[in-house]
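Quick mapping for you: the protein sequence lines, in order, are chains A and P. Last residue of the first sequence: number 523 in the UniProt record's numbering, and the count goes up by one each step with no gaps. Last residue of the second sequence: number 194 in the UniProt record's numbering, and the count goes up by one each step with no gaps. These notes are about the structure you will find just below.
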Amino acid sequence: MDTDDEFMSNVSSEDDMLPDDSDNDLSGDEDFGFDDEPDHYIIDSQKDGAEKRKAAYDISFKVYQPADVQKQQNDLIDEVNMILDISKEEAAILLRHFRWNKERLIEDYMDRPGKVLDAAGLSRSSAGPPKMQVIPDFMCDICCEDEPGLESFALKCGHRYCVHCYRHYLAQKIRGEGEAARIQCPSEGCNLIIDARSLDILVTPDLTERYHELLHRTYVEDKETLKWCPAPDCQNAIECAVKKKDLDKVVPTVTCLCGHRFCFGCILNDHQPAPCELVKRWLKKCADDSETANWISANTKECPKCNSTIEKNGGCNHMTCRKCKHEFCWMCMGLWSEHGTSWYNCNRYEEKSGTDARDAQARSRISLERYLHYYNRYANHEQSARLDKDIYHKTEKKMVQLQKESGMSWIEVQYLNSASQALQTCRQTLMWTYAFAFYLARNNLTEIFEDNQKDLEMAVEALSEMFERPITELADPKLKVEIMDKTSYCNKRRVILLDDTAQNLAEGMRTRISFWSVRMANK
Amino acid sequence: MATQNKRIAKEFSDCTSSPPAGIKVTLADDSDLHKWHVVLEGPDNSPYTGGKFGVVIKLPLDYPFRPPVVTFATRIYHPNITNDDQGNICLDLLKNENWKPSTKIHGILEAVRNLLAEPLPDDPLEARIADEYRSDRKEFDKNAKAYVQRYAKGPLKFTTPGSSSEGTSEKKGGAAAVGAPGPGPSSSSSGGGA
Chain A
1 MDTDDEFMSN VSSEDDMLPD DSDNDLSGDE DFGFDDEPDH YIIDSQKDGA
51 EKRKAAYDIS FKVYQPADVQ KQQNDLIDEV NMILDISKEE AAILLRHFRW
101 NKERLIEDYM DRPGKVLDAA GLSRSSAGPP KMQVIPDFMC DICCEDEPGL
151 ESFALKCGHR YCVHCYRHYL AQKIRGEGEA ARIQCPSEGC NLIIDARSLD
201 ILVTPDLTER YHELLHRTYV EDKETLKWCP APDCQNAIEC AVKKKDLDKV
251 VPTVTCLCGH RFCFGCILND HQPAPCELVK RWLKKCADDS ETANWISANT
301 KECPKCNSTI EKNGGCNHMT CRKCKHEFCW MCMGLWSEHG TSWYNCNRYE
351 EKSGTDARDA QARSRISLER YLHYYNRYAN HEQSARLDKD IYHKTEKKMV
401 QLQKESGMSW IEVQYLNSAS QALQTCRQTL MWTYAFAFYL ARNNLTEIFE
451 DNQKDLEMAV EALSEMFERP ITELADPKLK VEIMDKTSYC NKRRVILLDD
501 TAQNLAEGMR TRISFWSVRM ANK
Chain P
1 MATQNKRIAK EFSDCTSSPP AGIKVTLADD SDLHKWHVVL EGPDNSPYTG
51 GKFGVVIKLP LDYPFRPPVV TFATRIYHPN ITNDDQGNIC LDLLKNENWK
101 PSTKIHGILE AVRNLLAEPL PDDPLEARIA DEYRSDRKEF DKNAKAYVQR
151 YAKGPLKFTT PGSSSEGTSE KKGGAAAVGA PGPGPSSSSS GGGA
């Protein structure tokens with residue numbers, strides 16, 4: 001992963017093709033062996049990348065590191081601080097109150113400053129900077145201590161408590177409840193918010209970091225165009241302008257600097273080409289149905305008359321449906337009455353009633369079988385991606401070994417890395433094409449989609465097979481070229497599939513011909 | 001610990017020397033300031049009038065930085081109090097995020113008693129009772145009074161679930177008897193108050 005950092009720092013979504021690009025750069029010859037490829041969409045190398053047509057699935061986004069996020073906040077605070085002539089602390093509180101909508105804040109404040117300040121918990125009585133004080137005869141209302149020399153603190157509202165209680169209160173809020181931007185004065189009924197400067201005085205050093213982190217987070221959480229990268233331990237935020245209402249026609253896939261690829265719409269892992277709504281339904285369906293469907297498929301039959309699902313719980317073939325009282329034979333599904341005296345012994349396979357019943361049964365099982373068809377392929381790619389990943393971890397060792405045994409340099413063995421990454425991304429895409437296909441409406445677009453899917457799948461399986469060869473074979477220059485070819489081909493097939501699908505999605509929404517339909521699949 | 005006890009001791013003496021109207025406070029156990037027993041008289045002008053309700057207040061170890069836990073030990077028919085032997089209360093100022101360390105138990109007790117006088121059906125724990133309170137006040141009053149007759153007239157018990165098996169089983173038996181609306185309360189009133 002970390003080897004990608006230099007590539008990934010390019011903040012546009014063209015990162016999509018980077019495994020491919022890096023491969024090309026290393027080989028120095030990107031289009032060998034592809035003369036027979038349709039040339040309507042060939043990925044150009046990086047040098048003229050700026051001019052290439054923007055792929056339909058491409059969306060623009062930006063990755064911000066923690067310092068960038070901080071700077072944005074500071075800039076906004078400075079701006080409001082200058083325009084409205086209020087302190088930075090107050091500007092920060094107001095901005096947080098308005099969920100960082102600067103325009104609305106300024107507009108409202110110009111209209112009715114008093115109301116805005118009250119609502120944000122900023123009282124207007126002016127006083128000096130906040131400080132801790134020792135006041136004679138003071139008794140803290142929280143702990144009821146009144147010893148002389150007790151240090152106390154109060155906000156502008158004048159509700160005074162001892163510093164010990166104040167700190168305990170803040171620790172409880174910050175550590176216990178994860179609150180930072182909207183901590184109120186400890187006094188009952190007082191909604192004055194504790195400003196940053198007061199907090200800086202009061203918050204003990206062990207909490208400062210946590211407190212600033214929480215403040216920092218509210219900025220991203222409050223803004224609709226910003227989201228945190230969900231990868232564990234990643235602190236970056238991503239900005240993307242895709243609106244929630246457009247999620248039915250775009251799949252906003254973004255790549256963080258840490259290498260994690262995810263959907264900006266739903267924060268799940270990359271699920272191109274399937275739209276978020278479809279993904280949500282599919283995952284729910286899988287969670288609800290898959291095991292059940294498999295079990296039903298293996299262990300039950302349906303009553304030939306009323307289609308109730310029936311599990312055979314005794315040895316006898318004479319079935320009586322609990323629901324409709326229909327009597328039939330479990331073996332041939334035909335009427336029991338036609339069995340005459342040959343009880344417990346069904347040899348009547350050719351009889352008409354039995355054939356008809358079995359046909360009806362088969363028809364009613366079609367939708368179940370259809371679902372299982374897609375589900376099993378989806379699950380298979382998911383599993384294969386995991387297995388490929390295991391192999392990837394071994395690849396690093398392989399690469400070192402190759403360097404030793406064949407005298408190749410570090411850069412010369414990078415093709416294995418590229419191949420492994422191509423396998424990961426392509427399988428991720430393939431997995432979702434099956435979920436997508438389950439919901440696809442049947443028309444000529446489906447055929448193109450399925451052809452694309454087939455091409456990609458064949459290429460991926462071929463690459464996967466080469467990738468698993470023993471180290472001695474991998475050192476063979478001929479296989480190396482083959483793997484590089486296949487890697488590049490896989491990436492291209494994936495881009496073509498995504499591009500076609502994204503275009504159809506956008507188009508379908510525009511022309512109101514549904515490319516996919518949830519209703520259809522629900523029946 | 002010492003400072004907390006100072007606050008709690010002060011609050012307890014405030015609540016015993018000048019208790020809120022209709023409320024009597026004692027310690028569950030003289031050596032433990034963290035568990036209070038409260039006897040709450042049903043407010044006038046409410047269906048709960050004439051009833052005596054046992055309320056248990058448990059103060060967490062880091063009180064007053066966390067809110068106390070207040071539960072009804074006596075069963076009560078009310079939109080904001082669970083209709084079971086847990087007797088949980090939904091009161092805004094007792095929620096973690098709304099709790100302020102300067103809030104006093106004195107004020108909480110007043111708020112709880114006020115909740116009996118004026119239920120908040122828009123923020124219910126018992127949606128069915130809240131609906132009834134809104135749409136059929138007569139029926140609600142009748143049911144609430146029946147509960148008072150059945151549970152809030154006899155000697156008070158402060159047993160909370162788990163603390164005494166006898167107490168819980170007695171309460172569960174009661175719940176089953178009242179389950180049927182209409183004739184339930186009147187027919188079972190003889191078996192109730194024990």
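The beta-carbon is built from N, C-alpha and C at its ideal position, and this holds for glycine as well.
A distance below 8 Å separates the beta carbons of lysine 35 of chain P and lysine 58 of chain P. Within chain P, the residues Lys6, Arg7 and Lys10 have their CB atoms less than 7 Å from the CB of cysteine 144 of chain A, given in chain order.
Counting along the chain, phenylalanine 138 of chain A sits inside no beta strand (DSSP E), nor does DSSP assign it H or E at all.
Counting only residues of its own chain and dropping the five nearest sequence neighbours on each side, isoleucine 142 of chain A has a CB closer than 6 Å to the CB of Tyr161 and Cys165. Beta bridge pairing from DSSP links glycine 154 of chain P with no other residue. Burial check for glutamate 132 of chain P: the Cβ neighbour count within 10 Å reaches 16 or more, so the residue is buried.
Classified as buried, threonine 103 of chain P has 16 or more neighbouring CB atoms from the shown chains inside 10 Å of its CB.
Chain A places no beta carbon closer than 8 Å to that of serine 17 of chain P, leaving this residue out of the contacts. Under DSSP, serine 31 of chain P shares a beta bridge with no residue. Aspartate 141 of chain A belongs to the set of residues whose beta carbon lies under 8 Å from a beta carbon in chain P. When C-beta atoms of the region 234-250 of chain A are compared with those of the region 62-76 of chain A, three or more pairs fall below 8 Å, so the two segments count as touching. Methionine 319 of chain A sits in a strand when the DSSP states are folded into three classes. Distances from the CA of lysine 454 of chain A to each of A:Pro470, A:Thr433 and A:Arg175 were compared; the closest alpha carbon is that of A:Thr433. P:Tyr77 is the residue among P:Lys95, P:Glu110, P:Tyr77 and P:Asn98 whose C-alpha sits nearest the C-alpha of aspartate 141 of chain P. Fully contained in the UniProt domain "UBC core" (3-153) of chain P are the following beta strand (DSSP E) runs of length 3 or more, in chain order: 23-29, 32-41, 52-58 and 69-72. For serine 488 of chain A, there are no neighbours in chain P by C-beta distance under 9 Å, as the nearest C-beta there is about 55 Å away.
Proline 101 of chain P belongs to the set of residues whose beta carbon lies under 8 Å from a beta carbon in chain A. The residues Ala237, in chain order, have a CB closer than 6 Å to that of tyrosine 64 of chain A in the same chain once the five nearest residues on each side in sequence are set aside. Collapsing the DSSP output to three states places valine 116 of chain A in a helix. Only those residues of the UniProt domain "RING-type" (140-186) of chain A whose C-beta falls short of 7 Å from the nearest C-beta of chain P are listed: Asp141, Ile142, Cys143, Cys144, Glu145, Cys165, His168, Tyr169, Gln172, Glu177 and Pro186.
For the region 89-100 of chain P, the residues whose beta carbon sits under 7 Å from a beta carbon of chain A are, in order, Asn96, Glu97 and Lys100.
In the structure shown, arginine 261 of chain A falls within a strand segment according to DSSP collapsed to helix, strand and coil. Legend: CB atoms of the region 213-244 of chain A lying less than 9 Å from CB atoms of chain P are not found in any residue.
Sixteen is the threshold: when 16 or more other Cβ atoms of the shown chains lie within 10 Å of the Cβ of leucine 105 of chain A, as they do, the residue is buried. A direct Cα-Cα distance of roughly 18 Å separates cysteine 258 of chain A from isoleucine 59 of chain A. Around glutamate 302 of chain A, no beta-carbon contact reaches into chain P at under 9 Å, the shortest distance being about 39 Å. Between the region 257-275 of chain A and the region 422-430 of chain A there are three or more C-beta pairs closer than 8 Å, enough to call the two in contact.
The three-state secondary structure of arginine 160 of chain A, taken from DSSP, is strand. With respect to the 8 Å criterion, asparagine 80 of chain P and proline 124 of chain P are classified as neighbours on the basis of their beta carbons.
For proline 64 of chain P, a Cβ of chain A is located within less than 8 Å of the residue's own Cβ. C-alpha of cysteine 324 of chain A to C-alpha of threonine 255 of chain A: approximately 57 Å in a straight line. Taking each of A:Ile193, A:Asn74 and A:Lys62 in turn and checking the Cα distance to leucine 117 of chain A, the smallest one comes out for A:Ile193. Going by DSSP, valine 63 of chain A is part of no alpha helix (DSSP H) but of the beta strand (DSSP E) stretching over 61-64.
Segment contact: the region 388-397 of chain A against the region 438-452 of chain A, fewer than three CB-CB distances shorter than 8 Å; contact not assigned. Pairing valine 251 of chain A with asparagine 299 of chain A, the inter-Cα distance amounts to about 39 Å.
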